[in-house]
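According to the numbering used here, the sequence shown is numbered sequentially starting from 516.
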Amino acid sequence: QGIDLVAGGRNKRTKRTAPKSDDVYLKLLVKLYRFLVRRTKSQFNAVILKRLFMSKTNRPPLSLRRLVKFMDGKVSCSFALCRTTKSL
Numbered sequence: 516q517g518i519d520l521v522a523g524g525r526n527k528r529t530k531r532t533a534p535k536s537d538d539v540y541l542k543l544l545v546k547l548y549r550f551l552v553r554r555t556k557s558q559f560n561a562v563i564l565k566r567l568f569m570s571k572t573n574r575p576p577l578s579l580r581r582l583v584k585f586m587d588g589k590v591s592c593s594f595a596l597c598r599t600t601k602s603l
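#1: Alpha carbon to alpha carbon, what distance is there between Gly517 and Val552?
#2: Output the distance between the C-alpha atoms of Asp587 and Ala595, rounded to the nearest integer angstrom.
#3: Using beta-carbon positions only, say whether Arg566 and Cys597 come within less than 8 Å of one another.
#4: Pro534 and Leu541: beta carbons closer than 8 Å?
#5: Tell me the rounded alpha-carbon separation between Arg580 and Thr600.
Structure representation (structure tokens):
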């Protein structure tokens, strides 16, 4: 006896290609970063796009205090957050 598989066999790995949220601003960010990934060869933009697709549990909030502590001493660096920012 066998297992009836759809043509192509088992799906070994799936990943999100779009966010599940209906947030308009998130969709605009996705549209922007899709363009940037397509037009530039920057790995940074690809990582940001991937993180925009993540579920809410994989995007835990970050407090401003922790962000300031993390960026301490990094004067000329810029950063991007793909999560909720809390001011405590």
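We treat Cβ as the ideally placed atom computed from N, Cα and C, and that holds for glycine.
With the structure as the only source:
#1: Here the question's residue 552 lines up with position 37 in the sequence shown. Here the question's residue 517 lines up with position 2 in the sequence shown. Going from the Cα of Val552 to the Cα of Gly517 covers about 42 Å.
#2: For the purposes of this step, residue 587 is taken as the residue at position 72 of the sequence shown. For the purposes of this step, residue 595 is taken as the residue at position 80 of the sequence shown. Near 15 Å, if we compare the C-alpha coordinates of Ala595 and Asp587.
#3: For the purposes of this step, residue 566 is identified with residue 51 of the sequence shown, where counting begins at 1. For the purposes of this step, residue 597 is identified with residue 82 of the sequence shown, where counting begins at 1. Contact: yes.
#4: Residue 534 sits at position 19 when you count from the first residue of the sequence shown. Residue 541 sits at position 26 when you count from the first residue of the sequence shown. Yes, the Cβ-Cβ distance between Pro534 and Leu541 is below 8 Å.
#5: As a first step, residue 580 is located in the sequence shown; it is residue number 65 there, counting from the start. As a first step, residue 600 is located in the sequence shown; it is residue number 85 there, counting from the start. A direct Cα-to-Cα measurement between Arg580 and Thr600 gives close to 10 Å.
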